[in-house]
Amino acid sequence: MTYQKVTIDRRAIPAGAVESRWNAADGWPLRRIDWMADGPARGSILFMPGRGDIYEKYLETLAHWQAQGWNVTAADWRGQGGSGRMSDHQYVGHINDFSQWIDDIGGFWADWVVSRPGPYVVVGHSMGGHLIARAIQEKRITPDAAVLS
Numbered sequence: 105m106t107y108q109k110v111t112i113d114r115r116a117i118p119a120g121a122v123e124s125r126w127n128a129a130d131g132w133p134l135r136r137i138d139w140m141a142d143g144p145a146r147g148s149i150l151f152m153p154g155r156g157d158i159y160e161k162y163l164e165t166l167a168h169w170q171a172q173g174w175n176v177t178a179a180d181w182r183g184q185g186g187s188g189r190m191s192d193h194q195y196v197g198h199i200n201d202f203s204q205w206i207d208d209i210g211g212f213w214a215d216w217v218v219s220r221p222g223p224y225v226v227v228g229h230s231m232g233g234h235l236i237a238r239a240i241q242e243k244r245i246t247p248d249a250a251v252l253s
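In our numbering, the protein residues as written are 105 to 253.
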């Protein structure tokens with residue numbers, strides 16, 4: 105396979121990528137980005153960042169995967185990044201219980217897999233890696249492959 109070098113503006117959402125909101129079961133909106141492959145997809149990758157992260161921090165990685173023919177989705181966790189705060193303080197990323205995040209990823213996953221072709225790969229970084237591992241162990245998500253860092 106030949107890898108192409110991808111150059112993007114790190115300060116702008118790439119052309120072709122679409123930002124939107126997904127509403128959890130309780131109505132909480134999670135910010136997401138979807139970037140579809142330019143042709144037939146090799147499969148679909150869901151990237152979930154760490155605590156306090158925003159998916160913009162990983163645009164180069166998302167661009168690489170998309171350039172390799174994957175449909176790519178990323179989202180900010182509830183109370184993190186562009187998915188709002190659970191407290192009145194704009195810099196505090198609080199959650200009452202980690203099970204809220206597991207409920208969110210379980211619901212997100214259920215909607216995501218019916219709208220994308222497989223195989224399904226989930227990538228979790230830092231706290232996202234912990235939450236993805238827990239969601240897999242609890243059988244809330246069923247990826248074909250997982251990468252946890």
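Glycine is no exception: its CB is placed at the ideal position from the N, C-alpha and C atoms.
Taken through DSSP and simplified to helix, strand or coil, ASP207 comes out as helix. For ILE236, the enclosing alpha helix (DSSP H) has its first and last residue at 231–241. For THR165, the enclosing alpha helix (DSSP H) starts and ends at 163–171. By the criterion of at least three beta-carbon pairs nearer than 8 Å, the segment 235–247 is in contact with the segment 207–227. Distance from TRP126 to ALA179 at the Cβ level is roughly 7 Å; contact confirmed, criterion being Cβ atoms closer than 8 Å. Residue state for ASP138 is assigned as strand, using DSSP reduced to three classes. Secondary structure at GLY185: helix, using DSSP grouped into helix, strand and coil.
The beta carbons of ILE236 and THR177 sit no closer together than 8 Å. Sixteen is the threshold: since fewer than 16 other Cβ atoms of the shown chains lie within 10 Å of the Cβ of ARG114, the residue is exposed.
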